[in-house]
Amino acid sequence: MENLVEDAILRLKNVSISYTPGKNAVDNVTADIQKNSITSIMGPSGCGKTTLLRAINRMHELYPGIVTSGEILLAGKDILKMDPTEVRRMAGMVFQRPNPFPTMSIYDNVISGYTLNGIKKNNNEKDEIVETSLRNVNLWDEVKDSLTKKGTFLSGGQQQRLCIARALALKPDILLMDEPTSALDPITTTYIEDLLVELKNNVTILIVTHNMSQSARISDFSMFMYLGELVEYERTQKMFTNPSDKRTEAYLTGRIG
Amino acid sequence: MKISRYRNIKNKALYIGVIILSGLTAVPLIAILVKVILKGWRQINFDFFTQTTPTTLDAIYAINAGEIIPGGIANGIIGMLLMVLMACVIAIPIGIICGIYLAENTKSHLASIVRFLTDLLQGIPSIVVGIIIYIWVVIPMKSYSAIAGGVALSIIMLPLIVRSTEETLKMLPTTLKEAGLSLGASYSSVVFRVILPSAFGGIFTGILLAVSRVIGETAPLMLTALGSSAVQWDVTKPASSVSLLIWEFYNDPNLQNMIWSASLFLLMFILILNIFAKRISNKWRI
Numbered sequence: 132m133e134n135l136v137e138d139a140i141l142r143l144k145n146v147s148i149s150y151t152p153g154k155n156a157v158d159n160v161t162a163d164i165q166k167n168s169i170t171s172i173m174g175p176s177g178c179g180k181t182t183l184l185r186a187i188n189r190m191h192e193l194y195p196g197i198v199t200s201g202e203i204l205l206a207g208k209d210i211l212k213m214d215p216t217e218v219r220r221m222a223g224m225v226f227q228r229p230n231p232f233p234t235m236s237i238y239d240n241v242i243s244g245y246t247l248n249g250i251k252k253n254n255n256e257k258d259e260i261v262e263t264s265l266r267n268v269n270l271w272d273e274v275k276d277s278l279t280k281k282g283t284f285l286s287g288g289q290q291q292r293l294c295i296a297r298a299l300a301l302k303p304d305i306l307l308m309d310e311p312t313s314a315l316d317p318i319t320t321t322y323i324e325d326l327l328v329e330l331k332n333n334v335t336i337l338i339v340t341h342n343m344s345q346s347a348r349i350s351d352f353s354m355f356m357y358l359g360e361l362v363e364y365e366r367t368q369k370m371f372t373n374p375s376d377k378r379t380e381a382y383l384t385g386r387i388g
Numbered sequence: 009m010k011i012s013r014y015r016n017i018k019n020k021a022l023y024i025g026v027i028i029l030s031g032l033t034a035v036p037l038i039a040i041l042v043k044v045i046l047k048g049w050r051q052i053n054f055d056f057f058t059q060t061t062p063t064t065l066d067a068i069y070a071i072n073a074g075e076i077i078p079g080g081i082a083n084g085i086i087g088m089l090l091m092v093l094m095a096c097v098i099a100i101p102i103g104i105i106c107g108i109y110l111a112e113n114t115k116s117h118l119a120s121i122v123r124f125l126t127d128l129l130q131g132i133p134s135i136v137v138g139i140i141i142y143i144w145v146v147i148p149m150k151s152y153s154a155i156a157g158g159v160a161l162s163i164i165m166l167p168l169i170v171r172s173t174e175e176t177l178k179m180l181p182t183t184l185k186e187a188g189l190s191l192g193a194s195y196s197s198v199v200f201r202v203i204l205p206s207a208f209g210g211i212f213t214g215i216l217l218a219v220s221r222v223i224g225e226t227a228p229l230m231l232t233a234l235g236s237s238a239v240q241w242d243v244t245k246p247a248s249s250v251s252l253l254i255w256e257f258y259n260d261p262n263l264q265n266m267i268w269s270a271s272l273f274l275l276m277f278i279l280i281l282n283i284f285a286k287r288i289s290n291k292w293r294i
């Protein structure tokens, strides 16, 4: 496992997370995440995969009583010692359901990472950020004539791409995705998956998925979590053809989960 | 076979009963509207909105001559608008901020106390609010005033705005807030630029409903604004209100026709506010 990753952008060291004292939802997870790759986190419901993902941009701090311990290094910086708002700019997040800001136009949604943070940009810079971000998610051609329309007028798949563009606009080091296609239809899902594969040239993607075949289709590395424990972390191809742990095999063949 | 027939009859009877009872709830409203319109419309003309209340003498002359009573309720309309405006200026910011606090801290101890107290405040009889404001504002200012009336109305509005803001914010999906924060935005920027705009429709509807609730308040104004027979723009002087005028018209046998027209005005005003509120909440639904 030590030599799995050559150039780690994110390093998790003995990360444990608990909702109630004495009971770890994520238990002592250590893993390095390869830069410019897609790493998927799989596992049955309640195994702690979303909990782990949300620790990386410190979302847990919004709710009292959740304790994160261990060390999380993002681009060499210990994020647990940083200002959470700074961490969140480095780690973009895409949610299960598309959630564009309902009162904002498509344009304003994409640039919202800057406006909400009070970062001043002149109009040319803004236009450029919006166009690049929307081109990155292959949405530019579909919406370039309706940038002033509300983001919520778009279809579900377009909305999710808009949300990805919104996260990418801040040029994060890593993109955290929490089952980003589970609310979308199969065709749209394929489209988003292709997009993720394209995007990994610019950004590292860590994706939680319920869907084993999705993980097999798009990810370079896979994690299998079970009851809070990181059971196996391997190259996806190796995990799906020759898992080393019995529990991974049981999950992949449908006997648990 | 027999059982099912009996069941069908029972079903039908219950269904008809429900329809009749539901229809009955509309009867009082319609009866009031019909009565007020029939008795009040005759008095309503341009003067009704621009002139101040007539004196008893004017009314007696007009009645004896078989004419409609001259004058209008301009002093009441201006006073009412001024006092409601002041009440809004006080109650809206405080109510919205308190509502945000309650919606964001559902489990905190302080929030549950505040929520409980807000409910209590909502239950306080408006006349009691009037007495308190009499002591707090009228006595120190040594005069009845529109300010005192506005403060009294703001206290009645406050819990309504707090709770409607809280309920609206609770209906927003939590991922909206998380999406804002996940971009690294500060909490206050997410609240003011994402959450509040998204909840605007609900909050605005709540405000309109609170306004339409206090606009008909009479008892607290008797102890705070007192009344005025002239249009009074100075908010430190006693002021009138449409609801206060209805009470004054009631006390003067010669002005009784004016009760109906003033009531009609107030009813229509509140009805339009309510329809407006409903339309806005539909339009801004997310």
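Listed in order, the protein sequences are those of chains A and B. Under my numbering, the first residue of the first sequence carries the number 132, and numbering increases by one thereafter. Under my numbering, the first residue of the second sequence carries the number 9, and numbering increases by one thereafter. Beta carbons are placed, not taken as given, at the ideal position from N, Cα and C, and that holds for glycine.
- Collapsing the DSSP output to three states places Lys154 (chain A) in a strand.
- Phe57 (chain B) sits exposed, since fewer than 16 C-beta atoms from the chains shown fall within 10 Å of its C-beta.
- By the neighbour-count definition (other C-beta atoms within 10 Å, threshold 16), Asp163 (chain A) is a buried residue.
- By the Cβ-count criterion, Leu293 (chain A) is buried, with 16 or more other Cβ atoms from all chains shown falling within 10 Å of its own Cβ.
- Chain-ordered listing is empty here: chain B has no CB closer than 9 Å to the CB of Leu327 (chain A), the nearest sitting near 18 Å.
- Listed along chain B are Glu186, Leu189, Ser190, each with a C-beta nearer than 9 Å to that of Met190 (chain A).
- The distance from the Cβ of Pro303 (chain A) to that of Arg220 (chain A) is about 7 Å, consistent with a contact at the 8 Å cut-off.
- By the neighbour-count criterion, in which a residue is buried when 16 or more other Cβ atoms sit within 10 angstroms of its Cβ, Glu186 (chain B) is buried.
- Every alpha helix (DSSP H) of 4 residues or more that sits fully in the region 111–193 of chain B is shown, in chain order, as 117–131, 134–141, 154–179, 182–190.
- Going by beta carbons, Glu192 (chain A) and Gly192 (chain B) fall outside the 8 Å limit.
- For Ser236 (chain A), same chain residues with a beta-carbon under 8 Å away, outside a window of 5 residues either side, are Leu278, Thr279, Lys280, Lys281, Gly282 in chain order.
- Residue state for Asn145 (chain A) is assigned as strand, using DSSP reduced to three classes.
- Of all residues in the region 228–240 of chain A, only Arg228, Asn230, Pro231, Phe232, Pro233, Thr234, Met235 come within less than 9 Å of chain B when Cβ atoms are compared, listed by chain position.
- The alpha carbon of Asn83 (chain B) has as its nearest neighbour, out of B:Ser194, B:Ile254, B:Leu272, B:Leu180, the alpha carbon of B:Ile254.
- Between the alpha carbons of Asn145 (chain A) and Leu135 (chain A) lies a gap of roughly 17 Å.
- A direct Cα-Cα distance of roughly 14 Å separates Asp138 (chain A) from Lys331 (chain A).
- Counting of Cβ neighbours within 10 angstroms places Tyr14 (chain B) among the exposed residues, the total staying below 16.
- In the three-state scheme derived from DSSP, where H, G and I count as helix and E and B as strand, Lys208 (chain A) is classed as strand.
- Partner residues in a beta bridge of Ala73 (chain B), as assigned by DSSP, do not exist.
- The beta carbon of Ser289 (chain B) is closer than 6 Å to those of Gly209, Thr213 in its chain, skipping five residues each way along the sequence.
- If you look at Met343 (chain A), you'll find it in the alpha helix (DSSP H) that goes 343–349.
- Nearest to Phe273 (chain B) by alpha-carbon distance, out of B:Tyr23, B:Leu128, B:Ile45, B:Ser30, is B:Ile45.
- Identification of residues in the region 194–220 of chain B having a C-beta nearer than 8 Å to some C-beta of chain A yields Ser194, Ser197, Val198, Arg201, Val202, Pro205, Ser206, Phe208, given in sequence order.
- Residues of the region 257–278 of chain A with a Cβ closer than 8 Å to any Cβ of chain B: none.
- A direct Cα-to-Cα measurement between Gly224 (chain B) and Met213 (chain A) gives close to 55 Å.
- Inter-segment contact for the region 253–272 of chain A and the region 228–237 of chain B is absent: fewer than three beta-carbon pairs are separated by less than 8 Å.
- Distance from the Cα of Asn333 (chain A) is smallest, within the candidate group A:Arg386, A:His341, A:Leu301, for A:Leu301.
- Contact of Pro167 (chain B) with chain A by beta-carbon distance below 8 Å is absent, the smallest such distance being about 27 Å.
- For Val261 (chain A), the secondary structure class from DSSP, reduced to helix, strand or coil, is helix.
- Scanning the region 159–221 of chain A from its first residue to its last, the whole beta strand (DSSP E) runs of 3-plus residues come out as 169–173, 198–205.
- According to the DSSP assignment, Val243 (chain B) belongs to no alpha helix (DSSP H), since it is labelled neither H nor E.
- The three-state secondary structure of Arg386 (chain A), taken from DSSP, is coil.
- For Met343 (chain A), there are no neighbours in chain B by C-beta distance under 7 Å, as the nearest C-beta there is about 25 Å away.
- As the crow flies, the alpha-carbon of Gly223 (chain A) is around 33 Å from that of Ser172 (chain B).
- The Cβ atoms of Leu168 (chain B) and Leu128 (chain B) lie no closer than 8 Å to each other.
- In terms of CA proximity to Arg297 (chain A), A:Asp239 leads the group A:Thr312, A:Asp239, A:Asn167, A:Asp325.
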